[in-house]
Amino acid sequence: MAASTPNGVFRIGDFGPEENFLTLQDGLSDPGTPVLMLPANGMGEQEWRIEPAGEGACTIANIRTRTFLGYAGDPDFNLPVGGFPEPRRWRLTPADAPGDFVVAVPAAELVLGRSPARVLPPPAALVGSAGGSAGWRFHPVG
1 MAASTPNGVF RIGDFGPEEN FLTLQDGLSD PGTPVLMLPA NGMGEQEWRI EPAGEGACTI
61 ANIRTRTFLG YAGDPDFNLP VGGFPEPRRW RLTPADAPGD FVVAVPAAEL VLGRSPARVL
121 PPPAALVGSA GGSAGWRFHP VG
């Protein structure tokens, strides 16, 4: 991982007008539990450990459930993102401001973003890398 890539525990927020955070639904550890975009709540389901995974990639694990941010099967557009027992590799690349990153699927043109589905609360999903608001703000915990 590059020197500027975060390592540690973070709350990961979007760039919306009211910042929402990646939140493991109800703090459940069931495989495929959805990750939703919710306001800050100060709970562990919004805290994620970023760890190096080699070759410039990392894993992202929820500290409350010890499940990994991931998706079922092969990456595809609008595929829901959730918590899974197996680690998935992600590539973090710096965005415009310090502490902001794009979370991408290695070797794919997909990034972590807000699902285009018009449901509330909005779920996280894999979206096209040219899809606009694909950056995330990493807030250190502790």
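The numbers in the working numbering rise by one with no breaks, and the one at position 9 of the sequence shown is 9.
Using N, Cα and C, we set each Cβ at its ideal position, and we do this for glycine too.
My understanding is that V81 touches L92, with C-beta atoms under 8 Å, so please give their C-beta distance in whole angstroms.
For the purposes of this step, residue 81 is taken as the residue at position 81 of the sequence shown. For the purposes of this step, residue 92 is taken as the residue at position 92 of the sequence shown. With 8 Å as the limit, V81 and L92 do not qualify as a contact, their Cβ atoms being about 15 Å apart.
State the Cα-Cα distance for the pair A2 and F101, rounded to the nearest angstrom.
Here residue 2 refers to the residue found at position 2 when the sequence shown is read from its first residue. Here residue 101 refers to the residue found at position 101 when the sequence shown is read from its first residue. Only weak support is given to the placement of A2: the predicted model assigns it a pLDDT of 46, under 50, and the value that follows is read from those uncertain coordinates. Near 12 Å, if we compare the C-alpha coordinates of F101 and A2.
Between the Cα of L24 and those of E18, F77, G32, spot the shortest distance and give me the residue it belongs to.
Position 24 of the sequence shown, counted from the first residue, corresponds to residue 24. That would be G32, whose Cα lies nearest to the Cα of L24.
Alpha carbon of N7 to alpha carbon of W90, nearest angstrom:
Taking the first residue of the sequence shown as 1, we reach residue 7 at position 7. Taking the first residue of the sequence shown as 1, we reach residue 90 at position 90. Cα to Cα, the separation comes out at about 13 Å.
E51 in three-state terms, based on DSSP:
As a position in the sequence shown, residue 51 is number 51, starting the count at 1. E51: strand per DSSP, three-state reduction.
Taking its Cβ as the centre, do 16 or more other Cβ atoms sit within 10 Å of N62, making it buried, or is it exposed?
Translated into positions along the sequence shown, residue 62 becomes position 62. Label assigned to N62: buried.
First and last residue of the beta strand (DSSP E) that includes N62?
Counted from its first residue, the sequence shown places residue 62 at position 62. Counting along the chain, the beta strand (DSSP E) containing N62 begins and ends at 57 to 62.
Residue burial classification, L120 (beta-carbon count within 10 angstroms, cutoff 16):
Position 120 of the sequence shown, counting from 1, holds the residue named residue 120. Answer is exposed; the Cβ neighbour count stays below 16.
Mapping the DSSP letters down to three states, classify G73 as helix, strand or coil.
Residue numbering aside, residue 73 sits at position 73 when the sequence shown is read from its first letter. Note: G73 maps to coil in three-state DSSP.
For R137 versus G13, is the C-beta spacing smaller than 7 Å?
The count along the sequence shown starts at 1 and reaches residue 137 at position 137. The count along the sequence shown starts at 1 and reaches residue 13 at position 13. Yes.
Would a C-beta distance cut-off of 7 Å place A95 and G135 closer than the cut-off?
On the sequence shown, position 95 is the one that residue 95 refers to. On the sequence shown, position 135 is the one that residue 135 refers to. Yes. Within cutoff.
Could you round the C-beta distance between P140 and F10 to whole angstroms and report it? I think they count as a contact, below 8 Å.
Residue numbering aside, residue 140 sits at position 140 when the sequence shown is read from its first letter. Residue numbering aside, residue 10 sits at position 10 when the sequence shown is read from its first letter. P140 to F10, Cβ: 6 Å. Contact.
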